[in-house]
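A.B. asks:
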Amino acid sequence: MNRKQPYRHDFSGHCAPKARFLASHGTFNSFSVGVFQWIPKTKGGLKKSPVKYRIRGFVGNPEPVYARAREVCRMFDAGECPSTKSELIT
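Residues 0 to 89, numbered by numbering that gives the first Met the number 0, are exactly what the sequence shown covers, in order.
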């Protein structure tokens, strides 16, 4: 399924760990991903809304952060709203 659809929620993290990232940025212990909504542009296409929810976790174990981000996206798409604006996954 294409995650980039109007009014759907998605997540991204510019500093999300990858194999290359771990080798070159070993000094960072944590990273975060932001949950946002895809919004239609006036002249076509889509743009990201401001981040609605942020999830932080540890570089050595990123999958729980991604799993929680997918869960939060589903919650927002279903009309539910988390009680906080961010969380730390340990």
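Using N, Cα and C, we set each Cβ at its ideal position, and we do this for glycine too.
Would you grab the beta carbon distance between glycine 12 and glycine 33 for me? Rounded to a whole angstrom, and I think it's under 8 Å.
C.D. replies: On the sequence shown, position 13 is the one that residue 12 refers to. On the sequence shown, position 34 is the one that residue 33 refers to. Right, the Cβ-Cβ distance comes to about 7 Å (below 8 Å), so this counts as a contact.
A.B. asks: In angstroms with no decimal places, state the Cα-to-Cα distance between tryptophan 37 and valine 71.
C.D. replies: Taking the sequence shown and counting its residues from 1, one reaches residue 37 at position 38. Taking the sequence shown and counting its residues from 1, one reaches residue 71 at position 72. Spanning the two alpha carbons is a distance of roughly 15 Å.
A.B. asks: Where proline 49 and phenylalanine 10 are concerned, what is the direct C-alpha to C-alpha distance, given to the nearest angstrom?
C.D. replies: Sequence index remark: in the sequence shown, residue 49 carries index 50 (1-based). Sequence index remark: in the sequence shown, residue 10 carries index 11 (1-based). Each residue's Cα considered, the two are about 11 Å apart.
A.B. asks: Looking only at its own chain, which residues have a Cβ that is under 6 Å from the Cβ of arginine 2, when we skip the five neighbours before and after it?
C.D. replies: If you number the sequence shown from 1, residue 2 lands on position 3. Cβ within range, chain order: Asp9.
A.B. asks: Can you name the start and end residues of the alpha helix (DSSP H) that arginine 53 belongs to?
C.D. replies: Start at 1 with the first residue of the sequence shown, and residue 53 comes out as number 54. Per DSSP, arginine 53 belongs to no alpha helix (DSSP H); it is in the beta strand (DSSP E), 52–57.
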